[in-house]
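One gets the numbering used here by counting positions in the sequence shown from 1 and adding 1082 to each.
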Amino acid sequence: MFGNKMVYTHAKRCVAMQRKISTIFVALLLLSALPTIATADETKDIPTNASETGVHNSLVAALTQAGLASTLSGDGPFTVFAPTDQAFADAGIDLASFDTDEENATLVDILTYHVVSGTVMSSDLTDAGTTDALNGDKLSFTVTNTEVKVNDAVVTTADVVSSNGVIHVIDTVLMPPVDVYVSDGSMSSPYFEFYTDAAGTNAITEIDISKNYKFQRLNNPSTHPFYLSDVDYNTDSTEHMIIAGDGTSSAGISDNESFTVFFRDQFVVQDNLQYFCTVHNNMIDSFTLTEPLPDIPTVAASTNIHTSLIAALTHADLVTTLQGEGPFTVFAPTDQAFIDAGIDLSTFDTDEENETLVDMLLYHVLPGEVPASAVTDGLVAQMANGENATFTVDSESGVIMIQDATVTTGNVFASNGIVHIVDKLVLPSTPDIPATAQSTGVHNSLVAALTQANLVTTLQGDGPFTVFAPTDQAFIDAGIDLSTFDTDDEIATLVDILTYHVVPGQIMSTELVDGGTAQTVNTDEITFTVSADGVMVNGANVTLADVTASNGVIHVIDKVLMPPADVVEEPAVTCDLTIGITSDGYGFSPASAAIEVGKTVCWKWTDEDMAHNVKEVTGQKSTTYVENGVYSGEQSTTVDFHHTFTEDTVFYYACVPHISMEMFGKITVGEGNPEPAVVEKEDKKEENTPGFLGLTAIIATLGAVLVARMRQEEDQ
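Next comes the structure, spelled out in structure tokens:
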């Protein structure tokens, strides 16, 4: 029996107040202690000391509005269980809503339920003890080694002595017990009927174990004495509940008698609570027990598979939002779903990244309460982040999907909505890589280049691909003008450049390691530098990482990557003549040689004691170098140099570091240099001079001898 949401009501309180007071949060064990008022002035009365704590402004305002401040300034003594400002906020009490005489009477009833006549120190309290509050209702106490509770409120600061009594600070507003009026009874089922009003018009069928109840007889019947137990008929209850007031398990209550029931922490909704007539053992039945549903974050936390979701909601400051009235429908990804998605909350460490996280989480929230039965195939609904999500329902299995996520468990109810558990993060339909790049507003040049190179379709494929995407500024800095790529060869070059920015597969930034490499689509490798300063690809900085697309991921970079130049292998050299170094290190070996035109001379030596080289000079033993002549480069102890001679010549060369040691060489190619012709001059005037022929013969002879000697020296 006993259903319908129970709200605070009392003989002196109007049903209209049901919508004024929200459900009270059950106090958590050992809440952090609030600022104490242990230093209160014992010469000041209770309202004055409360007003000076800084944490009881709401209480003092309520006492003032209810006209009770003067009462509690009286001689007393009084014991006041004083809720903090936070307790008033948690209870949803808005003093502005108590604006009629009837509502102010309700406020008086609530406040006087926090006051006990006399001075009751914490040491006077006993476990399971009860006392009467100033409003006539009963209070219960739970006393353990670690805490004292009044009903469900934890005493955070005890024994604050004032001039007219004592204050105990509590963390929850106390609500008077719910009045339950019990009918006179019947020998047939349902045996008893229950109402929340003395007129017997507002029936109830369930008991909410988060509340306390005052049972009394409707119209004061003397027949069929009524009682209840969590054990059995005519049996005293366990210590899991406290029953205070009139009657016993064997005598019950009749006439104007009453008792109050307090459910303690050990009592759970699965327990059995029987009610019965104490004189007719056939008049027995059980209450239907309920408890208030927790809010959505609490429900999610209780599953033990939504730790990551709760952490994400906390990181994004959305817990309070989802504790609100709602109602909300939340599609809750499991911890495994977060792992599969590679979500690392530590990376959301900037305002921009936190906005992304908020947007992602709100895409899992549908405003309103939508049970699984309300979802139809093809339904499109706007999520809390403003984007649409599409639902599918399998016609045979009835399995529901939202986007690509499957609902594995539906209809987990909370106080402010419904939770549906899903196996994946619910993500918007993500565009492919080209569309994602186009949407950034800083990759127009890249998209234009991909279009010109006919690569858009490729990057719209299944992939996945990892694209290092240069910005428009990067293209400008690189001096790339797409209009100049207007031939097949130039387009091929553009393709080569662009595919150097693409790596097959999806590589997130967290997978990159310092010094790591990856082969791009054009088969060349790129190298990564990872440091505290960020990530670099070759010499380009990654300015924004992990921009996901439907077929891969984009990392934005600030430079265009240029592929390494292709290495052209030189053909193998055939040495027709090889020249080395003499044993003393000061001469070429051989120093003079002759070859045919078209032949190749190689100068080779390895690990010589001294460094040598080859450089062309203007003539035999000349110290003048030929401008732009043959040159092997800087001197070295190891040289492998060659030159092919293509015409008749005499090639003179020297070793630069040893030219002063006359380290020269000569190569005669083909016919060598042609000898200049000797032109004889006529001297008509002297040809008839006596002795002319003889003188000519002498000169010719001397010339021949001189030429012969010079050739001999050259051949040495």
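Glycine included, every Cβ here is placed at the ideal spot set by N, Cα and C.
State the Cα-Cα distance for the pair residue i and residue j, rounded to the nearest angstrom.
i, j, result
"Q1100", "S1222", "With a pLDDT of 32 at Q1100, under the threshold of 50, the modelled position of that residue is not reliable, and the figure given next carries that caveat. When rounded, the distance between both Cα atoms is 24 Å."
"H1322", "S1479", "45 Å"
"L1207", "F1344", "16 Å"
"N1436", "Y1445", "14 Å"
"T1605", "A1574", "14 Å"
"G1156", "N1246", "7 Å"
"T1105", "L1371", "Note on T1105: pLDDT 28, under 50, position unreliable in the model; the coordinate value appears next. Near 17 Å, if we compare the C-alpha coordinates of L1371 and T1105."
"H1138", "V1236", "16 Å"
"N1498", "G1149", "35 Å"
"F1473", "N1633", "22 Å"
"P1510", "M1644", "35 Å"
"P1374", "V1624", "51 Å"
"S1179", "D1441", "36 Å"
"C1657", "A1693", "22 Å"
"T1700", "G1715", "18 Å"
"A1535", "I1741", "57 Å"
"Q1702", "P1739", "17 Å"
"T1609", "F1557", "20 Å"
"D1176", "F1170", "8 Å"
"V1260", "T1287", "14 Å"
"G1468", "T1602", "38 Å"
"S1140", "L1193", "12 Å"
"S1812", "Y1713", "Limits of the chain in this structure are 1083 at one end and 1798 at the other, which puts residue 1812 out of reach."
"H1306", "G1282", "17 Å"
By DSSP's criteria, residue i is part of a beta bridge. Which residues make up the other side?
i, result
"E1288", "T1370"
"F1223", "V1232"
"Q1352", "Paired residue(s): none; Q1352 is not in a bridge."
"A1056", "With the chain covering only 1083 through 1798, there is no way to say anything about residue 1056."
"H1502", "F1413"
"A1164", "V1251"
"Q1464", "N1470"
"K1686", "D1722"
"Y1735", "E1698 and G1747"
"M1483", "T1474 and T1488"
"S1613", "G1616"
"Q1601", "E1607"
"T1660", "C1684"
According to DSSP, is residue i helix, strand or coil?
i, result
"D1241", "strand"
"A1676", "strand"
"D1640", "coil"
"N1131", "helix"
"E1698", "strand"
"H1725", "strand"
"M1257", "coil"
"Q1717", "coil"
"I1335", "strand"
"T1518", "helix"
"L1177", "helix"
"P1552", "strand"
"D1579", "The residue asked about is misnamed: residue 1579 is Ile in this sequence, not Asp. Correct three-state label for I1579: helix."
"F1495", "strand"
"D1691", "coil"
"L1448", "strand"
"T1432", "coil"
Excluding sequence positions up to five away, which residues of its chain have a Cβ less than 6 Å from the Cβ of residue i?
i, result
"A1673", "G1747"
"A1551", "A1519, H1525, L1528, I1636 and V1638"
"D1803", "As displayed, the chain neither begins before 1083 nor continues past 1798, which places residue 1803 out of reach and without an answer."
"D1554", "V1524, N1526 and S1527"
Please list, in chain order, all residues of the same chain as residue i whose beta carbon is under 7 Å from its beta carbon, the five residues on each side excluded.
i, result
"L1439", "A1394, H1397, A1398 and F1430"
"G1543", "N1633"
"I1515", "L1541, F1547, V1549, A1631, N1633, G1634 and I1636"
"I1562", "V1642"
Here's a check: name, in chain order, each residue in its chain whose Cβ is nearer than 8 Å to the Cβ of residue i, leaving out the five neighbours to either side.
i, result
"E1729", "V1679, V1751 and G1752"
"V1142", "P1129, A1132, S1133 and A1151"
"T1458", "F1473 and V1475"
"D1312", "S1319, T1320, H1322, M1323, F1349, D1353, N1354, L1355 and Q1356"
"F1594", "According to the sequence displayed, residue 1594 carries Leu and not Phe. These residues qualify, in order along the chain: F1610, V1612 and V1617."
"A1454", "I1482, V1489, G1492, N1493 and H1502"
Fully enclosed by the segment 1266-1333, which beta strand (DSSP E) runs are 3 residues long or longer?
-> 1288-1290, 1295-1299, 1308-1311 and 1323-1327
If you scan the segment 1183-1218 from start to end, which runs of the beta strand (DSSP E) of 3 or more residues do you find wholly inside it?
-> 1197-1199 and 1212-1214
Inside the segment 1384-1429 only - alpha helix (DSSP H) runs reaching at least 4 residues = 1389-1397, 1401-1404 and 1417-1422
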